[in-house]
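Protein chains in written order, with this note's numbering: chain S, 3 to 283; chain C, 2 to 275. Quick reminder that beta carbons are idealized off the backbone N, C-alpha and C, glycines included. In what follows, a structure is listed as structure tokens, so that the remarks can point back to it.
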């Protein structure tokens with residue numbers, strides 16, 4: 003390596019002549035995307051306290067709500083014990099809560115000037131959004147391991163067959179990508195932390211309760227059934243119910259669930275790529 | 002490839018009636034301006050004069066309402082991707098990631114800019130040396146002094162060797178020593194790499210020391226343009242300073258000159274940098 007002491011900057015920094023028009027090369031795009039995910043990984047490894055504190059909420063739901071409701075036998079879940087029925091719902095819930103937080107993180111990065119710098123780099127907006135979505139996916143997968151561990155400790159009959167585990171991982175990944183991108187879109191529209199907090203609160207609980215996470219769609223009133231069918235969280239839970247626990251079954255079919263989630267992710271990613279630059283305007 | 006000396010004879014940035022309006026308010030009003038390759042050009046003016054809006058448009062963050070500009074021959078409206086590959090931008094706010102080390106920040110941007118793998122390590126080592134951060138390379142940026150953060154941010158711009166570097170108030174909140182080292186960094190980029198630099202500043206001393214030419218903006222228009230010497234002479238008073246020039250051309254302060262969000266934002270960056 004040349005020393006800078008004697009050499010001028012010019013000698014050291016020979017131009018590498020990037021043909022600017024080829025920034026669409028797939029390997030380059032994948033490299034940019036993975037660089038963003040790697041950054042998230044470095045931060046999570048350095049400071050895992052957030053991961054740990056976020057494991058508390060699903061623990062409370064499973065332990066308290068799950069136990070009480072299975073004693074009450076208030077929810078008709080067929081042959082499935084209630085805790086087995088709700089464990090996939092709690093997994094989906096913690097994925098949702100982790101992902102919704104990404105919008106506020108991006109507003110924070112905007113306030114610091116990091117978003118400006120990313121947007122001025124030749125990284126396509128679509129890749130910036132996908133990088134964020136996959137970062138959320140990474141975090142959600144780690145969260146998922148926690149929830150599996152908790153559920154196992156509480157005696158939920160988990161399905162540990164490899165295809166089922168991989169399927170559940172895919173569903174968790176898609177769910178996290180979808181909801182983090184959703185939250186990114188809200189961030190691009192409201193642009194301030196205060197307003198985001200308000201809207202985030204207003205949206206997450208209804209998304210959770212208007213889904214099949216802790217009770218089946220069959221017991222809902224008609225109008226709520228319509229909402230639940232339009233709610234992507236229902237499809238995430240439905241797929242997880244078939245993949246996560248023994249004896250669990252899917253209402254819509256896992257293939258259909260995954261298709262709906264894929265469509266959800268694709269559409270929101272495209273919208274979000276269009277809106278991303280709004281953050282700095 | 003040798004030094005890009007040929008650029009010294011052409012205008013690397015050209016603003017053609019560049020305009021930006023927000024509703025009834027015209028932030029930037031038909032600006033016509035040419036910046037030569039290899040110069041340090043200063044954009045001066047009171048808060049709200051339109052400097053930041055010009056920078057946002059030139060860095061492709063904000064589309065113009067009308068008119069356009071070219072950078073190294075590429076149109077900011079129609080070829081934003083090409084423009085981004087030719088420029089680097091250091092915002093006034095802290096743009097290095099505090100949760101990462103200097104090394105990790107540099108690696109991230111080397112990948113985002115598509116620096117070829119075989120030269121990445123060499124580039125990063127050079128950038129760390131340029132910023133004088135070799136010893137601190139493995140420490141979190143969060144713990145850096147304001148001067149160290151700024152030096153890192155400017156060094157990040159060396160990774161892909163852009164032709165044009167945009168600096169938004171590069172020395173705000175820095176102590177005199179740190180300011181001096183940033184000035185030296187900027188001058189080296191121009192002298193040794195032939196880079197073109199467009200900066201905004203509120204320090205007339207900074208503009209006087211660094212800039213070959215300055216434009217003084219007020220209410221979205223360029224009120225004065227020339228070298229610091231020319232502008233001082235133009236006042237027709239003996240021993241005029243650049244402060245006098247600034248005062249003369251910044252009269253009629255716009256009403257929006259200093260709103261609350263401006264103040265809170267610059268205070269916040271001061272705290273972060275302090």
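For residue i, I'd like the list of residues in its chain whose CB is within less than 7 Å of its CB, leaving aside the five on either flank, ordered along the chain.
{"i": "residue 85 (chain C)", "result": "61"}
{"i": "residue 132 (chain S)", "result": "35 and 271"}
{"i": "residue 252 (chain S)", "result": "240, 241, 243, 244 and 259"}
{"i": "residue 208 (chain C)", "result": "43, 45, 202, 215, 229 and 243"}
Could you pull out every residue in the same chain whose Cβ sits closer than 8 Å to the Cβ of residue i, ignoring the five residues on either side in sequence?
{"i": "residue 15 (chain S)", "result": "Low confidence applies here, because residue 15 (chain S) scores a pLDDT of 49, under 50, leaving its location unreliable; read the following figure in that light. If we look at residue 15 (chain S) and ignore the five residues flanking it on each side, it has no Cβ neighbours."}
{"i": "residue 24 (chain S)", "result": "Low per-residue confidence applies at residue 24 (chain S): pLDDT is 49, beneath 50, and the placement is therefore not dependable, though the value from the model is reported in the following sentence. Counting only Cβ-Cβ distances below 8 Å, and skipping sequence neighbours, we find 30."}
{"i": "residue 183 (chain C)", "result": "148, 151, 152, 155, 171, 172 and 175"}
{"i": "residue 116 (chain C)", "result": "124, 160 and 161"}
Less than 7 Å between the beta carbons of residue i and residue j, yes or no?
{"i": "residue 147 (chain C)", "j": "residue 175 (chain C)", "result": "yes"}
{"i": "residue 149 (chain S)", "j": "residue 213 (chain S)", "result": "no"}
{"i": "residue 104 (chain S)", "j": "residue 138 (chain S)", "result": "yes"}
{"i": "residue 201 (chain C)", "j": "residue 44 (chain C)", "result": "yes"}
{"i": "residue 36 (chain C)", "j": "residue 19 (chain C)", "result": "no"}
{"i": "residue 244 (chain S)", "j": "residue 94 (chain S)", "result": "no"}
{"i": "residue 71 (chain S)", "j": "residue 84 (chain S)", "result": "yes"}
{"i": "residue 21 (chain C)", "j": "residue 53 (chain C)", "result": "no"}
{"i": "residue 174 (chain S)", "j": "residue 135 (chain S)", "result": "no"}
{"i": "residue 101 (chain S)", "j": "residue 178 (chain S)", "result": "yes"}
{"i": "residue 30 (chain C)", "j": "residue 93 (chain C)", "result": "no"}
{"i": "residue 127 (chain S)", "j": "residue 278 (chain S)", "result": "yes"}
{"i": "residue 223 (chain C)", "j": "residue 233 (chain C)", "result": "no"}
{"i": "residue 243 (chain C)", "j": "residue 37 (chain S)", "result": "no"}
{"i": "residue 237 (chain S)", "j": "residue 205 (chain S)", "result": "no"}
{"i": "residue 136 (chain C)", "j": "residue 71 (chain C)", "result": "no"}
{"i": "residue 53 (chain S)", "j": "residue 144 (chain S)", "result": "yes"}
{"i": "residue 164 (chain C)", "j": "residue 73 (chain C)", "result": "yes"}
From the options, pick the residue whose C-alpha is nearest to that of residue i; which is it?
{"i": "residue 282 (chain S)", "options": "S:92, S:73 and S:120", "result": "S:120"}
{"i": "residue 165 (chain S)", "options": "S:39, S:246 and S:44", "result": "S:246"}
{"i": "residue 45 (chain S)", "options": "C:196, C:241 and C:141", "result": "C:141"}
{"i": "residue 97 (chain C)", "options": "S:146, S:113, S:106 and S:48", "result": "S:113"}
{"i": "residue 235 (chain S)", "options": "S:92, S:53 and S:43", "result": "S:92"}
{"i": "residue 172 (chain S)", "options": "S:268, S:242 and S:253", "result": "S:242"}
{"i": "residue 82 (chain C)", "options": "C:55, C:68, C:99 and C:113", "result": "C:113"}
{"i": "residue 191 (chain C)", "options": "C:212, C:137 and C:179", "result": "C:212"}
{"i": "residue 46 (chain C)", "options": "C:237, C:239 and C:205", "result": "C:205"}
{"i": "residue 39 (chain S)", "options": "S:109, S:60, S:130 and S:58", "result": "S:130"}
{"i": "residue 1 (chain C)", "options": "C:87, C:56 and C:57", "result": "Past the edges of chain C, shown from 2 to 275, lies residue 1 (chain C), and the structure says nothing about it."}
{"i": "residue 130 (chain C)", "options": "C:186, C:180, C:95 and C:118", "result": "C:186"}
{"i": "residue 65 (chain S)", "options": "S:232, S:170 and S:151", "result": "S:151"}
{"i": "residue 161 (chain S)", "options": "S:249, S:33 and S:110", "result": "S:249"}
{"i": "residue 227 (chain C)", "options": "C:238, C:237, C:239 and C:214", "result": "C:214"}
{"i": "residue 280 (chain S)", "options": "C:225, C:63, C:197 and C:188", "result": "C:63"}
{"i": "residue 32 (chain S)", "options": "S:125, S:50 and S:147", "result": "S:125"}
Given residue i, which residues of its chain have a CB within under 6 Å of its CB, disregarding the five upstream and five downstream residues?
{"i": "residue 282 (chain C)", "result": "The structure shown has nothing for residue 282 (chain C), since chain C only spans 2 to 275."}
{"i": "residue 27 (chain C)", "result": "221"}
{"i": "residue 111 (chain C)", "result": "121 and 160"}
{"i": "residue 229 (chain S)", "result": "212"}
{"i": "residue 1 (chain C)", "result": "Residue 1 (chain C) cannot be examined here, being either before or after the span of chain C that is shown, 2 to 275."}
{"i": "residue 266 (chain S)", "result": "180 and 234"}
**Asked** Counting pairs of Cβ atoms below 8 Å between the region 249–263 of chain S and the region 187–206 of chain S, do you hit three or more?
**Response** Touching, no.
**Request:** Decide if the region 97–107 of chain C is in contact with the region 69–78 of chain C; the criterion is three or more beta carbon pairs, one per stretch, under 8 Å apart.
**Result:** By the C-beta criterion, the region 97–107 of chain C is judged not to be in contact with the region 69–78 of chain C, since fewer than 3 inter-stretch pairs fall below 8 Å.
**Request:** Decide if the region 195–203 of chain S is in contact with the region 88–97 of chain S; the criterion is three or more beta carbon pairs, one per stretch, under 8 Å apart.
**Result:** Taking 8 Å as the limit for Cβ pairs, the verdict is that the region 88–97 of chain S does not touch the region 195–203 of chain S.
**contact_flag[the region 153–160 of chain C, the region 124–132 of chain C] where n(CB pairs < 8 Å) is 3 or more** = Because the criterion of three Cβ pairs below 8 Å is met, the region 153–160 of chain C and the region 124–132 of chain C touch.
**Request:** Evaluate contact between the region 218–230 of chain S and the region 65–83 of chain S, counting only Cβ atoms and requiring at least three cross-stretch pairs below 8 Å.
**Result:** In short, these stretches touch, since the Cβ pair count reaches three.
**Prompt:** Does the region 176–184 of chain S touch the region 151–163 of chain S, meaning 3 or more C-beta pairs lie closer than 8 Å?
**Reply:** No: the two stretches stay apart, fewer than three of their Cβ pairs being nearer than 8 Å.
**Request:** Return the residues of the region 47–58 of chain C that lie within a Cβ-Cβ distance of less than 8 Å from chain S, sorted by chain order.
**Result:** Cβ contacts with chain S come from 57.
**Request:** With 9 Å as the limit, tell me which residues of the region 25–49 of chain S have their beta carbon closer than that to any beta carbon of chain C; keep them in chain order.
**Result:** Hits within the stretch, in order: 25, 26, 27, 30, 33, 34, 36, 37, 38, 40, 41, 44, 45, 48 and 49.
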